[in-house]
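Residue numbers (the working numbering): 4 to 191.
Beneath this line is the structure, given in structure tokens, with notes to follow.
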């Protein structure tokens with residue numbers, strides 16, 4: 004019975020090992036390329052939601068603003084506190100032009116800015132952070148509140164959500180729903 008010499012078997016094993024190593028490096032490289040460029044594993048990604056509504060209690064008007072920030076990326080999101088805030092602006096009858104451009108061009112009077120996420124240095128992957136602010140509305144001819152939420156990352160990217168809240172009450176204390184504007188992302 005003739006068999007393979009031991010040296011031939013050893014050579015075949017070395018070739019198989021080399022091919023397996025080359026294949027493993029190639030597959031690992033493809034996986035890394037896919038995760039980094041297509042899934043954007045190490046890119047900051049947030050899903051933010053902003054809501055606002057009017058309230059009236061004992062003759063005083065309030066604007067309730069609540070928000071939710073969810074890290075939908077696969078890595079930790081580092082919060083930049085400078086630049087992360089909720090801003091409230093007022094549109095009076097005098098400066099409102101009854102067009103959509105007036106709302107988007109920012110022809111409004113700034114009322115207040117609230118810092119957000121002050122107790123968070125970062126947001127873990129999959130984590131959701133919520134917050135709320137109540138703003139006592141001053142006596143004015145305001146017909147619309149413009150609320151902007153900006154969340155800034157330490158990598159120079161900002162996420163912005165804007166809503167408009169019509170200053171109107173249906174039956175005293177019933178809040179009126181806001182007008183959704185949408186979410187934008189700006190960066191380097």
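Yeah, the Cβ is synthetic: ideal placement off N, Cα and C, and Gly gets one too.
In this text, all values refer to a predicted model and were calculated from it rather than measured experimentally.
- Uninterrupted beta strand (DSSP E) stretches at least 3 residues long and entirely within the segment 35 to 81 occur at 49 to 60 and 63 to 74, given in chain order.
- Under the DSSP assignment, residue 159 falls outside any beta strand (DSSP E); it carries neither an H nor an E label.
- If you look at residue 137, you'll find it in the beta strand (DSSP E) that goes 131 to 139.
- Around the C-beta of residue 18, fewer than 16 other C-beta atoms lie within 10 Å, and the residue is accordingly described as exposed.
- Residue pairing of residue 126 in beta bridges, as defined by DSSP: 80.
- DSSP places residue 114 inside the beta strand (DSSP E), whose first and last residues are 112 to 118.
- When the five nearest sequence neighbours on each side are left out, the beta carbons in the same chain lying within less than 7 angstroms of the beta carbon of residue 136 are those of 68, 89 and 117, in order along the chain.
- Bridge pairing for residue 95: 145 [DSSP].
- Looking at the DSSP output, residue 30 shares a beta bridge with no other residue.
- Around the beta carbon of residue 162, a 10 Å sphere encloses 16 or more other beta carbons of the protein chains shown; the residue is thus reported as buried.
- Within the same chain, 155, 156 and 157 come within 7 angstroms of residue 83 by CB-CB distance, once the 5 residues on both sides are set aside.
- The bridge partners DSSP lists for residue 90 are 116 and 151.
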